[in-house]
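Asks: Residue numbers (UniProt numbering): 1 to 589.
The following block contains the structure, expressed as structure tokens.
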């Protein structure tokens, strides 16, 4: 019908109408007709795919944790056993994308934007599914999202609706087990992933299948969703199981934040997931981090992957302080299983409220968590301390390593003054006072592989000498510790050499030290600064060799007592009691 030869007579109505004449000419060309058919086909394909596949967001499960947990755990295990949930198989056969697990409760203000930012990025081909675990939100999240999101997003989203509030930890367990990919990524419901965030996580897991990979977490504004300018990669806990961000410029992470990371399904399952006896939130990241490290895995940071996170949000309701008490129960569960007896005593002494809390109030015993240690042949907690000794030192966590430094000739103790400053500065002066076993300002620990001397009042900082131009009688002070400069070998003002044997100076001595490292110690009980070059350290875990002979060189400066002020003077070449300090341990933890 359309393929008339161009030299045939056309109807008069077409001849006189230039638009119809052009259209007739185009339709007379077989190539043009075929092209139009292809375009129509593609149009119908995309229309069907993005607008007609899903009329609603799919709610794949509804119920309680006790109902769903065994079903989903079995489903996850079957995926692994069949090979479909194995990352190695996925790498060979073509990786089909991550499962993104987002637990939420009443995140109405944020969740739609989180999904929109996630799905608007170019790399969404690496995203297989988004599992949203709706933890008894007042407004069911699937109804909320159906009103606020375009329908072509629906095919990515699957919802698990919990009719009873189970908490963040249990929600993550259910979401991970319900997912179908060989790689699980956890994210909070108030995040903005940045372009290219998924691929670096996958690449890391390819080389480290038993790793947790953490992106760089950047603080964003809750109203504009723009970067505020601060970021975090790693954390370290205190013995009350509070934690804080820090950076030491290495990729290893002692404690992960817990809310944002990637893990393979196999390692998630094998390593013990989360503790289902923990309710609500809190303590799970410490429990998981120590467990992963002790039991054959690792936690690494990936700076090429960046995710914005809203840190400043309205606090959750906390009637009768129940939420805080639950966090503390969770922390107690983690401490009982993963700390050794000595460090559990630290935890219980500093965090004394936990002594009155029942760690099994959730109805879940600790037996299965204890069995993980045998099943995975986990290393002792002392190994974890050695692995991250510099991180423990940085926070002053090796409490039994703190000593009073008692001046031998005066009998007074080295003290960071509460109220006295060095003249002309705001620096806290170091003085000598009567020894008091309960005074933390008199407690000191030699840290960072024998590089720094940290005061027991951690916020005070480290022992520091005066200006370089004051050669003799330079008054000492405590100022914030310069950890980065110390690692780089450029912190001469806080760098001290302590010529005292390990067995006197440290309870937690270096388990892997070689005899040669301490063979040059003379045990002169001198604390000195020789000005000698100190090579850089990658992480502060390595130890420097102390040459006790340097403490007797006239070019070195030693600490002594001058009118009850701590000063540096040229070291005498002969033995002198006024330059000696005895490390005394007045109390135990």
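Glycine residues also receive a C-beta, built at the ideal position from the N, C-alpha and C atoms.
The beta strand (DSSP E) spanning residue 58 covers which residue range?
Replies: One-based indexing of the chain shown puts residue 58 at position 58. Note, residue 58: beta strand (DSSP E), 58-63.
Asks: Does the Cβ of residue 179 have 16 or more other Cβ atoms within 10 Å, making it buried, or fewer, making it exposed?
Replies: In the chain shown, the residue the question calls residue 179 occupies position 179. Counting C-beta atoms within 10 angstroms of its own C-beta, residue 179 has 16 or more neighbours from the protein chains shown and is therefore classed as buried.
Asks: Taking the CB atoms as reference points, tell me whether residue 506 and residue 481 lie closer together than 9 angstroms.
Replies: Taking the chain shown and counting its residues from 1, the one referred to as residue 506 is at position 506. Taking the chain shown and counting its residues from 1, the one referred to as residue 481 is at position 481. The answer is no: Cβ separation not under 9 angstroms.
Asks: Any idea which residues DSSP pairs residue 100 with across the strands?
Replies: What you label residue 100 is simply residue 100 of the chain shown in a count that begins at 1. DSSP output for residue 100 lists 130 and 185 as bridge partner(s).
Asks: Sort 466, 484 and 297 by Cα distance to residue 478 and report the nearest one.
Replies: Along the chain shown, one-based indexing puts residue 478 at 478. Nearest C-alpha to residue 478: 466.
Asks: Which value, in whole angstroms, describes the spacing of the CA atoms of residue 164 and residue 246?
Replies: Position 164 of the chain shown, counted from the start, is the residue given in the question as residue 164. Position 246 of the chain shown, counted from the start, is the residue given in the question as residue 246. Their Cα atoms are separated by approximately 36 angstroms.
Asks: Any chance the region 349-363 sits against the region 253-270, with 3 or more Cβ pairs inside 8 angstroms?
Replies: no
Asks: Alpha carbon to alpha carbon, what distance is there between residue 312 and residue 186?
Replies: In the chain shown, the residue the question calls residue 186 occupies position 186. In the chain shown, the residue the question calls residue 312 occupies position 312. Distance between the alpha carbons of residue 186 and residue 312: 20 angstroms.
Asks: When DSSP labels each residue in this structure, what does residue 440 get in the three-state scheme?
Replies: Within the chain shown, the letter at position 440 stands for residue 440. Here residue 440 sits in helix by DSSP.
Asks: Please report the straight-line C-alpha distance between residue 200 and residue 194, rounded to a whole angstrom.
Replies: Counted from its first residue, the chain shown places residue 200 at position 200. Counted from its first residue, the chain shown places residue 194 at position 194. Going by the C-alpha atoms only, they are around 12 angstroms apart.
Asks: Give me the Cα-Cα distance between residue 78 and residue 265, rounded to the nearest whole angstrom.
Replies: On the chain shown, residue 78 is found 78 positions in, with the first residue counted as 1. On the chain shown, residue 265 is found 265 positions in, with the first residue counted as 1. Between residue 78 and residue 265, the C-alpha separation is close to 11 angstroms.
Asks: Classify residue 332 as helix, strand or coil using the three-state DSSP reduction.
Replies: Counted from its first residue, the chain shown places residue 332 at position 332. Correct three-state label for residue 332: helix.
Asks: What does residue 565 pair with, by DSSP beta-bridge criteria?
Replies: Numbered from 1 along the chain shown, position 565 holds the residue referred to as residue 565. Answer by DSSP bridge pairing, in chain order: 431 and 562.
Asks: Would you report the Cα separation of residue 121 and residue 218, rounded to the nearest angstrom?
Replies: On the chain shown, residue 121 is found 121 positions in, with the first residue counted as 1. On the chain shown, residue 218 is found 218 positions in, with the first residue counted as 1. C-alpha separation (whole angstroms): 17 angstroms.
Asks: Given this structure, state the Cα-to-Cα distance separating residue 205 from residue 147, to the nearest angstrom.
Replies: Mapped onto the chain shown, residue 205 falls at position 205. Mapped onto the chain shown, residue 147 falls at position 147. C-alpha separation (whole angstroms): 36 angstroms.
Asks: Could you tell me the alpha carbon to alpha carbon distance between residue 66 and residue 370, rounded to whole angstroms?
Replies: Counting from 1 along the chain shown, the entry for residue 66 is found at position 66. Counting from 1 along the chain shown, the entry for residue 370 is found at position 370. Distance between the alpha carbons of residue 66 and residue 370 is about 21 angstroms.
Asks: With a Cβ-Cβ cutoff of 9 angstroms, do residue 485 and residue 447 count as a contact?
Replies: As a position in the chain shown, residue 485 is number 485, starting the count at 1. As a position in the chain shown, residue 447 is number 447, starting the count at 1. Cβ atoms of residue 485 and residue 447: not closer than 9 angstroms.
Asks: I'd like to know whether the C-beta atoms of residue 123 and residue 197 end up nearer to each other than 9 angstroms.
Replies: By 1-based counting over the chain shown, the position of residue 123 is 123. By 1-based counting over the chain shown, the position of residue 197 is 197. Cβ atoms of residue 123 and residue 197: closer than 9 angstroms.
Asks: Residue 407 bridges to which residues according to DSSP?
Replies: Translated into the one-based positions of the chain shown, residue 407 becomes position 407. Residue 407 pairs with 581.
Asks: Taking the alpha carbon of residue 110 as the point to measure from, which residue in 287, 84, 310 and 372 has its own alpha carbon closest?
Replies: The count along the chain shown starts at 1 and reaches residue 110 at position 110. Nearest C-alpha to residue 110: 310.
Asks: Quick one: what does DSSP say residue 257 is sitting in, helix, strand or coil?
Replies: The residue given as residue 257 occupies position 257 in the chain shown. Residue 257: coil per DSSP, three-state reduction.
Asks: Rounded to whole angstroms, what's the CA-CA distance from residue 419 to residue 458? Just pull it up for me.
Replies: Here residue 419 corresponds to residue number 419 of the chain shown, with the count starting at 1. Here residue 458 corresponds to residue number 458 of the chain shown, with the count starting at 1. Going from the Cα of residue 419 to the Cα of residue 458 covers about 16 angstroms.
Asks: Among the residues of its own chain, which have a CB less than 6 angstroms from the CB of residue 61, if the five just before and after it don't count?
Replies: Numbered from its first residue, the chain shown carries residue 61 at position 61. Contacts found: 68 and 160.
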